[in-house]
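2 protein chains.
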Amino acid sequence: MLYIGFNRKIFTMELDALDKQLVALLQEDCKKTTKQYADALQLSKTAVYERIRRLERTGVITGYVALLNKSKVNRDFTVMCHIRLVQHTKENVLRFEREILKLEEVSECFHVGGDYDYILKINVEDMKSYREFMITKLTAINNIGNTQSSFVINEVKNSPSVHI
Amino acid sequence: MLYIGFNRKIFTMELDALDKQLVALLQEDCKKTTKQYADALQLSKTAVYERIRRLERTGVITGYVALLNKSKVNRDFTVMCHIRLVQHTKENVLRFEREILKLEEVSECFHVGGDYDYILKINVEDMKSYREFMITKLTAINNIGNTQSSFVINEVKNSPSVHI
DNA sequence: TCAAAATTAGAACAATATTCTATTATTAAT
DNA sequence: ATTAATAATAGAATATTGTTCTAATTTTGA
Numbered sequence: 000m001l002y003i004g005f006n007r008k009i010f011t012m013e014l015d016a017l018d019k020q021l022v023a024l025l026q027e028d029c030k031k032t033t034k035q036y037a038d039a040l041q042l043s044k045t046a047v048y049e050r051i052r053r054l055e056r057t058g059v060i061t062g063y064v065a066l067l068n069k070s071k072v073n074r075d076f077t078v079m080c081h082i083r084l085v086q087h088t089k090e091n092v093l094r095f096e097r098e099i100l101k102l103e104e105v106s107e108c109f110h111v112g113g114d115y116d117y118i119l120k121i122n123v124e125d126m127k128s129y130r131e132f133m134i135t136k137l138t139a140i141n142n143i144g145n146t147q148s149s150f151v152i153n154e155v156k157n158s159p160s161v162h163i
Numbered sequence: 000m001l002y003i004g005f006n007r008k009i010f011t012m013e014l015d016a017l018d019k020q021l022v023a024l025l026q027e028d029c030k031k032t033t034k035q036y037a038d039a040l041q042l043s044k045t046a047v048y049e050r051i052r053r054l055e056r057t058g059v060i061t062g063y064v065a066l067l068n069k070s071k072v073n074r075d076f077t078v079m080c081h082i083r084l085v086q087h088t089k090e091n092v093l094r095f096e097r098e099i100l101k102l103e104e105v106s107e108c109f110h111v112g113g114d115y116d117y118i119l120k121i122n123v124e125d126m127k128s129y130r131e132f133m134i135t136k137l138t139a140i141n142n143i144g145n146t147q148s149s150f151v152i153n154e155v156k157n158s159p160s161v162h163i
């Protein structure tokens with residue numbers, strides 16, 4: 000697979016069945032010992048070690064992070080916020096996205112097609128702090144047309160991993 | 000902070016400034032050495048080691064995972080799918096959520112208030128596979144009223160971490 | 001103010017990651 | 001199909017880091 004262009008993917012690394020199994024395990028828990036992954040895959044420590052290094056080197060694995068229980072840190076009030084811009088000039092779009100990146104309450108932000116222009120996931124402590132966030136930070140950004148907030152009643156599933 | 004009830008949080012663990020710094024570091028990169036975190040926090044290895052263990056033991060940290068570059072594994076076609084149910088009986092809701100949990104293409108699913116009942120994040124290879132997913136898996140679930148798919152044009156921000 | 005409990009530092013030890021060498025398997029060209 | 005070159009693997013050797021231990025220090029609560 001070959002793409003032309005600047006900063007685009009040049010090729011898709013071929014992952015064999017063992018790589019896929021390994022990636023699945025690492026997406027579940029990246030803190031097991033090499034030996035544990037090796038036993039699961041019926042390979043030697045070295046084989047697994049080299050495969051992980053290759054996945055890192057080729058950019059398949061981008062990092063390793065700790066996950067938190069949001070309720071334990073008082074950030075379990077989640078809102079999906081839909082935003083419509085007034086005007087879609089390139090400058091407006093870029094400036095909006097730049098401003099959003101500064102907001103620590105926003106954990107996800109997607110530019111989408113359809114009814115609204117952006118869908119954001121926002122994590123705060125409670126409704127009061129959401130209101131505060133809205134009036135002092137979000138709507139302070141220029142060029143926002145209107146917003147629609149969908150409050151999360153229940154997190155059915157929330158995983159950073161992708162099935163391959 | 001104290002709550003009454005079954006399966007609710009009993010107390011919120013008090014995190015001091017060092018804990019918060021540490022959690023922030025671990026959410027960025029959980030594979031550094033204890034010594035590296037210790038240097039950053041101006042603490043000894045043991046102090047950091049014990050703090051991490053406590054964060055794990057008290058459930059603040061729920062796990063450690065590898066993050067992937069979705070484009071490298073051909074799962075960079077992302078769709079935010081809004082779903083309305085026909086009927087909201089308890090059984091219908093539970094059955095719907097149970098079915099959603101089985102779908103590996105769905106990485107996030109939130110039960111929300113507002114215009115729609117559920118907002119899903121779906122990761123597949125391309126539009127063709129999304130169509131396939133829609134007609135064979137998603138709409139095969141009973142009790143779905145209608146859906147609205149917002150295709151992601153650009154991921155402005157997509158992080159599993161929360162700012163505390 | 002004092003005793004009890006928790007936190008921390010530094011050393012000692014155990015476990016694991018990483019490197020090295022040799023062997024085996026895979027690939028690509030003839 | 002054969003062979004040379006390359007890549008992947010296993011097992012041993014080494015280096016690094018995680019984990020435990022002990023003592024000292026700080027914090028907490030009466």
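As given, the protein sequences belong to chains C and Z, one line each in that order. Everything in the first sequence is counted per numbering that gives the first Met the number 0, starting at 0 for the first residue and increasing by one. Everything in the second sequence is counted per numbering that gives the first Met the number 0, starting at 0 for the first residue and increasing by one. We put the CB at the ideal spot given by N, CA and C, even for glycine.
Return helix, strand or coil for Gln35/C, following the three-state DSSP convention. When DSSP states are grouped into helix, strand and coil, Gln35/C belongs to the helix group.
In angstroms, rounded to a whole number, what distance separates the CA positions of Gly62/Z and Gly113/Z? Distance between the alpha carbons of Gly62/Z and Gly113/Z is about 32 Å.
Selection from Arg52/Z, Phe150/Z, Val105/Z and Met133/Z that minimises the alpha carbon distance to Lys156/C: Comparing Cα-Cα distances from Lys156/C to each of Arg52/Z, Phe150/Z, Val105/Z and Met133/Z, the minimum goes to Val105/Z.
Touching or not, the segment 48-64 of chain C and the segment 63-72 of chain Z, by the rule of three or more beta carbon pairs under 8 Å? Segments in contact, yes.
Taking only beta-carbon atoms, is Lys69/C less than 8 Å away from chain Z? Chain Z contact via Cβ: present.
Nearest CA to the CA of Met12/C: which residue from Leu40/C, Arg50/C, Ala46/C and Gln147/C? Closest option to Met12/C, judged by alpha-carbon separation, among Leu40/C, Arg50/C, Ala46/C and Gln147/C: Arg50/C.
Would you kindly work out how many angstroms separate the C-alpha atoms of Asp15/Z and Glu107/C, rounded to a whole number? Going from the Cα of Asp15/Z to the Cα of Glu107/C covers about 26 Å.
Integer Cβ distance of Ile143/Z from Tyr115/Z, believed to fall under 8 Å: Actually they do not touch by this definition, with Cβ atoms about 11 Å apart.
Considering only DSSP beta bridges, list what Cys108/Z is partnered with. Paired residue(s): Lys156/C and Leu119/Z.
Same chain only: Cβ atoms within 6 Å of Ile60/Z, ignoring 5 sequence neighbours per side: Cβ within range, chain order: Leu54.
Count the other C-beta atoms from every protein chain shown that fall within 10 angstroms of the C-beta of Gln41/C, then say buried if there are 16 or more, exposed otherwise. By the neighbour-count rule (16 or more Cβ atoms within 10 Å), Gln41/C is not buried but exposed.
Phe95/C and Tyr129/C look like a contact to me (Cβ under 8 Å); what is the Cβ gap, rounded to whole Å? Wrong, their Cβ atoms sit about 20 Å apart, outside the cutoff.
Could you name the residues that DSSP lists as bridge partners for Ala65/Z? Paired residues: Tyr63/C.
Kindly list, in the order they appear in chain C, the residues whose Cβ is closer than 9 Å to that of Asn122/Z. Residues of chain C whose Cβ lies closer than 9 Å to the Cβ of Asn122/Z are, in chain order, Val161 and His162.
Work out the CA separation of Thr88/C and Lys127/Z for me, nearest whole Å. Between Lys127/Z and Thr88/C, the C-alpha separation is close to 30 Å.
Beta-carbon gap between Tyr36/Z and Leu21/Z smaller than 8 Å: Pairing Tyr36/Z with Leu21/Z gives a Cβ-Cβ distance under 8 Å.
If you measure from the beta carbon of Asn142/C to each beta carbon in chain Z, is any gap under 8 Å? So no, Asn142/C is outside the interface.
Could you check which residue in Asp28/C, Lys69/C and Lys30/C has the C-alpha nearest to that of Thr57/Z? For Thr57/Z, the closest C-alpha among the options Asp28/C, Lys69/C and Lys30/C is that of Lys69/C.
Over what stretch of residues does the alpha helix (DSSP H) that includes Val85/Z continue unbroken? Per DSSP, Val85/Z belongs to no alpha helix (DSSP H) and is neither H nor E.
Beta-carbon of Tyr2/C versus every beta-carbon of chain Z: anything under 8 Å? For Tyr2/C, the predicted structure reports a pLDDT of 31, less than 50, and the residue's modelled location is therefore unreliable. A value from the coordinates is still provided. No - not a single Cβ of chain Z is within 8 Å of the one on Tyr2/C.
Note down, in chain order, each residue of its chain lying with its Cβ closer than 6 Å to the Cβ of Tyr48/C, except the 5 sequence neighbours on either side. Close CB contacts of Tyr48/C within its chain, under the 6 Å cut and outside five residues either way in sequence, are with Thr33 (chain order).
Do His162/C and Glu103/Z have their CB atoms nearer than 8 Å? Yes, the Cβ-Cβ distance between His162/C and Glu103/Z is below 8 Å.
Can you check whether the C-beta of Val85/C is within less than 8 Å of a C-beta belonging to chain Z? Chain Z contact via Cβ: absent.
Tell me whether Thr45/Z is buried or exposed, calling it buried when 16 or more other Cβ atoms sit within 10 Å of its Cβ. Looking at its Cβ environment, which holds fewer than 16 other Cβ atoms inside 10 Å, Thr45/Z is exposed.
For Thr77/C, which of helix, strand or coil comes out of DSSP? DSSP places Thr77/C in the strand class (E or B) of the three-state scheme.
Could you please give me the residues that DSSP links to Val151/C through a beta bridge? Partner(s): Val111/Z.
Could you check whether the Cβ of Ala16/C sits closer than 8 Å to any Cβ belonging to chain Z? No, its Cβ sits nowhere closer than 8 Å to a Cβ of chain Z.
Exposed or buried, Val85/C, counting other C-beta atoms within 10 Å across all chains shown (16 or more means buried)? Its Cβ having fewer than 16 others within 10 Å, Val85/C is exposed.
Other residues of its chain near Arg74/Z: CB distance less than 7 Å, five sequence neighbours each side excluded: So the qualifying residues of the chain are Asn122, Val123 and Glu124.
Could you confirm whether any beta carbon from chain Z is found closer than 8 Å to the beta carbon of Cys108/C? For Cys108/C, the nearest beta carbon of chain Z is closer than 8 Å to its own beta carbon.
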